[in-house]
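Here the structure is laid out as structure tokens; the discussion comes afterwards.
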Amino acid sequence: MSTSANGSATAGTEALSASRPTEVNRLERVVIRFAGDSGDGMQLTGDRFTSEAAAFGNDLATLPNFPAEIRAPQGTIPGVSSFQVHFADYDILTPGDRPDVLVAMNPAALKANIGDVPKGGTVIVNTDEFGKRNLAKVDYESNPLEDDSLSAFEVHEVAMSTLTQGALADTGLGKKDAERCKNMFALGLLSWMYHRPTEGTEAFLREKFAKKPEVAEANVLAFRAGWYYGETTEAFGTTFEIAPAKLPQGTYRQITGNTALAYGIVAAGQQSQLPVLLGTYPITPASDVLHELSKHKNFGITTFQAEDEIAGIGAALGAAYGGALGVTSTSGPGIALKAETIGLGVMTELPLVVIDVQRGGPSTGLPTKTEQADLLQAYFGRNGECPVPIIAPATPADCFDIALEATRIALTYRTPVLLLSDGAIANGSEPWLIPDVSTLPDLSVTFASEPNAPDGSGEHWPYQRDPETLAREWALPGTAGLQHRIGGLEKAEGKGNISYDPDNHDKMVRLRQAKVDGIEVPDLEVDDPNGNARVLVLGWGSTYGPIGAAARRVRAKGMPIAQAHLRHLNPLPANLGEVLASYDHVVVPEMNLGQLSMLLRAKYLTDIQSYNKVAGLPFKAEELEGVFTDIIREVTAV
Amino acid sequence: MTATDLGLPSMGGLDLVPTTDEPQKAKEYKSDQEVRWCPGCGDYIVLNTIQSFLPTLGLKRENIVFISGIGCSSRFPYYMNTYGMHSIHGRAPSIATGLATTRPDLSVWVVTGDGDALSIGGNHLIHALRRNVNLKILLFNNRIYGLTKGQYSPTSEPGKVTKSTPMGSVDTPFNPVSLALGAEATFVGRAMDSDKKGLTEVLTAAAQHRGSAVVEIYQNCPIFNDGAFDMLKDPGEAAQRLIPLTPGEPIRFGPEGEFGVTTTGYGGLDVGKVADIGEDNLVVHDPSIDDTAYGFALSRLGDQHLNHIPTGIFRQVDRETYDDQARAQVRQAQEAKPGDLQALLTGKDTWTVE
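First to last, the protein sequences are chains A and B.
Mind the numbering: the first sequence is residues 508 to 1145 in our numbering, read in order.
Mind the numbering: the second sequence is residues 705 to 1058 in our numbering, read in order.
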């Protein structure tokens, strides 16, 4: 196996190469966390380092973590922004529990993150920011670089601001502007330490600042200065190599969940040959779906930034009525506002894709943090008996497939579909085996063209159903002879006129439920390598990574554990009951207080052990490893 | 970054909607559903007027869509043999926006009431108007909540005694025409439910207008607010109060045309006797004036007691519509670089595992 990078190297950009002999330490994996003030450009730094790792062929996973405030007070703990990247020479599942290397751009970043660094870990600090004022801002009574509080770590003190300013002294850039390039200095240093390819970053900087070439060159200079600093000072005796990962054959790119989701919607429009209308209102962390889709008008995509969440979904439903693929996206409180229109979509039986990028709640909650506590709302959060199919991606790259699957269900069964992503998936990234578009599912639809009344009257009955799918026909305005009226009032079966008839209502409630219950979903696959596990861990959504990583660790200790992950939450896979019954013990870890567990207990009358944490951050593999190990020991001891 | 010039041609409201040469009759626009408004409801007259007026447009019936919210008037789509959706309270403009944006071949009508449009749906109304989506909004104003059985509405006069305001309401009402003009509406009209000719004229102009057109229709609720507009219908009083607006004509009213409209010193308008004002000082009506202040001043002539009520078209100006521009951007993007899905998914930075 070998890898080759065909990144965005351009003419005139030469790869930096190391010449000083250093000890090269080969590692299987490493976790690096860049942390600084929210104005320090840590997200960009992490993102670029990730791209370098991707271009090198490592497997990777990332965890951005930033405050909701655009610029929280400088130098304070609430203002700390961080980006963690985990890269390895094998397929990894999570962004990593603890950083092996912490880059702390100021005292606040050090204080907020040092607790996560394991003893013996490497800490690289920008000493220029460790003045009295900054230390006082975060209640450091003495300078941690001078007392012995960091003695358990390998600390590298680098005057990044000064060194960056020095490197840019001749560029004519003001001191302050020069100092702002220090994040690229840090990136250069880390790139040297980990033998990362550098051409991509230089090309990226030149493209990003194409309109300000002097800024582009300053950033490139700072980046190189960081690299050369590592190369020439004796402070760093060791560099590290992480060989490319042995991933399945194919061409890869790095992708975040929100981008994958947007691409999935683009693909869904192409595969269904329908124009797409995204009706939405900006909300963290779902806005990037809007930003991305708004760039792809050339695929017949219209993005409508509505006056509010309700109008966003209203426009999507209106477009669906006219025969477009209607999509809406939101997060947090936004999904509450959309509930009434989802109900109208259920009643009018129109296709609609509703994307909920879950975040910490309730109310405004934690806008930039992750959670999966909207499941029961997705199930039950509307007035009346109002069933909707629910699906959830397991990883950032899975968002692409899940968007196609949501569209398939919406179009086939003429129903709103709730797609539950979450903050960790939305902003996290991983390598994606780029699909061959000729292998994507055909989502083409047929619109009604002839009156369908079974009594031969020549009328059109809007609520006449397909006997297999129970979907009603999609008769578009503009089709002669099929004029009909739909709406939120209860409809008479078949004819679709308003009906207050008690038996009809009972029948229609059951029909709508039966339609959703009857949606074809694949059976649940269980990963039980030796078939001898007694404990099953079942998850859904973004917990896939940490659960999988924890299961690997448990198995590595010689303890059998079975793992299964739900992508379809409503309806649940047909074999789920059987799967649950075939294990002595089932544990369901969730970033909520046990929502899936509650559903499973009610539906299958089976005991489920719920493991919950609602901290706004993904589970750590180490934490789940401990939980699973304890459970297996208990079960085996019985 | 600068916006892209879309170079859109000027169009009429129905230019992209397919027409038919077959003569149409009002009857063809009646659905098979029994009309279930209360006896004597003003909605019946409006329904009849619209069913008689639509054939004159010569559009294919299947290309007409009525979308409503919730309320008595919002049952309207069920009675029309066109496409229609009876949606949710206040949200019809948003649903219609999505439809109109994706389907330029449809003539899209929103049917709403004073509660639906101005209370629960106020936000959607003003944003549809500022965007100038190619929609025709029929705002049935009966100044009361009918479907919920008689609470005051956002257009009820102050002090209104209703089930929910036994001591009289303490809210200041909206003037729908003033509100629409404040929201940058490009077409604003007003008519009485009982005035078939006047309503037809305003509706015809609204249909032909490209962009959002809002038409306030004074409509009597015989059950909960009967006679709310009687003074505008009473043969003796109507002429004293109604101010017909005719483009290009001096604004005059009264049984003998003895009253007229003139300007005040502060950019406003006022009514007076023509004899006092002088014929040369009468305001000549021009709905195409771009400055909304003129239409706004007209809308303020009548107070909450309906003393002076202009009817007809307050404002009718050309402005590019949201939906035309949104479609043009998509078209332009497609022409500049047709979508290549494989290229999009592949992106710029890839690596290959062999």
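By construction, the Cβ of each residue, glycine as well, lies at the ideal position given by its N, Cα and C atoms.
All of these numbers come straight from a predicted model, not from anything done at the bench.
When DSSP states are grouped into helix, strand and coil, K804 (chain A) belongs to the helix group.
Put simply, the backbone Cα of G817 (chain B) is about 27 Å away from that of K764 (chain B). Excluding its 5 nearest sequence neighbours in each direction, E1085 (chain A) has no C-beta neighbour in its own chain below 8 Å. N565 (chain A) is positioned such that its CB atom lies closer than 8 Å to that of I749 (chain A).
DSSP, read as helix, strand or coil, puts V924 (chain A) in strand. Burial is judged here by how many other beta carbons sit within 10 angstroms of a residue's own beta carbon; Q755 (chain B) has at least 16 and is buried. For P808 (chain B), no chain A residue has a C-beta closer than 7 Å to its own C-beta; the minimum C-beta separation is roughly 10 Å. Taking a C-beta cut-off of 9 Å against chain B, the contacting residues of the region 807-833 of chain A are G807, I808, T809, T810, F811, A813, E814, D815, I817, A818, G819, I820, G821, A822, A823, L824, G825, A826, A827, Y828, G829, G830, A831, G833, listed in chain order.
Comparing alpha carbon positions, the residue from A:M667, A:V796, A:G872 closest to Y735 (chain A) is A:M667. Y787 (chain B): member of the beta strand (DSSP E) spanning 787-790, first to last residue.
In the three-state reduction of the DSSP assignment, P938 (chain A) falls in the strand class. Rounded to the nearest whole angstrom, the CA to CA distance from D604 (chain A) to L570 (chain A) is 10 Å. Residue environment: Q865 (chain A) is assigned as buried (16 or more neighbouring CB atoms within 10 Å of its CB, all protein chains considered). In this structure, the CA atom of F730 (chain A) is about 37 Å from the CA atom of R1060 (chain A). Looking from the CA of T976 (chain A), the closest CA among A:E724, A:T746, A:A1021, A:N1119 belongs to A:A1021. Three or more beta-carbon pairs separated by less than 8 Å link the region 1016-1032 of chain B to the region 824-840 of chain B, which places the two stretches in contact. Along the region 813-825 of chain B, none of the residues has a CB nearer than 7 Å to a CB of chain A. If only complete runs of 4 or more residues are kept, the region 735-783 of chain A shows the alpha helix (DSSP H) at 764-779, in order along the chain. Residue state for W699 (chain A) is assigned as helix, using DSSP reduced to three classes.
Annotation for T837 (chain A): the continuous beta strand (DSSP E) segment containing it runs 832-837.
Judged by DSSP secondary structure, I820 (chain A) falls within the alpha helix (DSSP H) whose first and last residues are 816-828. Taking a Cβ-Cβ cut-off of 8 Å, the neighbours of P781 (chain B) in chain A comprise R992, G994, given in sequence order. The count of Cβ pairs closer than 8 Å, one atom from the region 825-842 of chain A and one from the region 789-797 of chain A, reaches three, so the stretches are in contact.
By the neighbour-count criterion, in which 16 or more other beta carbons inside 10 Å mark a residue as buried, T723 (chain B) falls on the exposed side. Under the three-state reduction of DSSP output, Y782 (chain B) falls in the helix class. Residue burial annotation: I848 (chain B) is buried, with at least 16 other C-beta atoms found within 10 angstroms of its C-beta. Here the C-alpha atom of A887 (chain B) lies approximately 22 Å from the C-alpha atom of S811 (chain B). Rounded to whole angstroms, the separation of the alpha carbons of V1057 (chain B) and L940 (chain A) is 10 Å. Pairwise C-beta distances place the region 1110-1126 of chain A out of contact with the region 989-1006 of chain B, as fewer than three of them are shorter than 8 Å.
Taking F1135 (chain A) as reference, the option from A:S1104, A:G1065, A:S801, A:V1042 with the minimal CA-CA separation is A:V1042. Sequence-distant Cβ neighbours of P781 (chain B) in its own chain, meaning closer than 6 Å and more than five residues away, are F770, S772, G788, H790. Each of B:L761, B:N785, B:S916 was checked against the Cα of E738 (chain B), and the nearest Cα belongs to B:N785. Using a Cβ distance threshold of 8 Å, G829 (chain A) and P984 (chain A) count as a contacting pair. In this chain, the alpha helix (DSSP H) harbouring D1010 (chain A) covers 1009-1024. Counting only the Cα atoms, H1012 (chain A) lies some 39 Å from S873 (chain B). At a cut-off of 8 Å between C-beta atoms, P984 (chain A) counts as an interface residue with respect to chain B.
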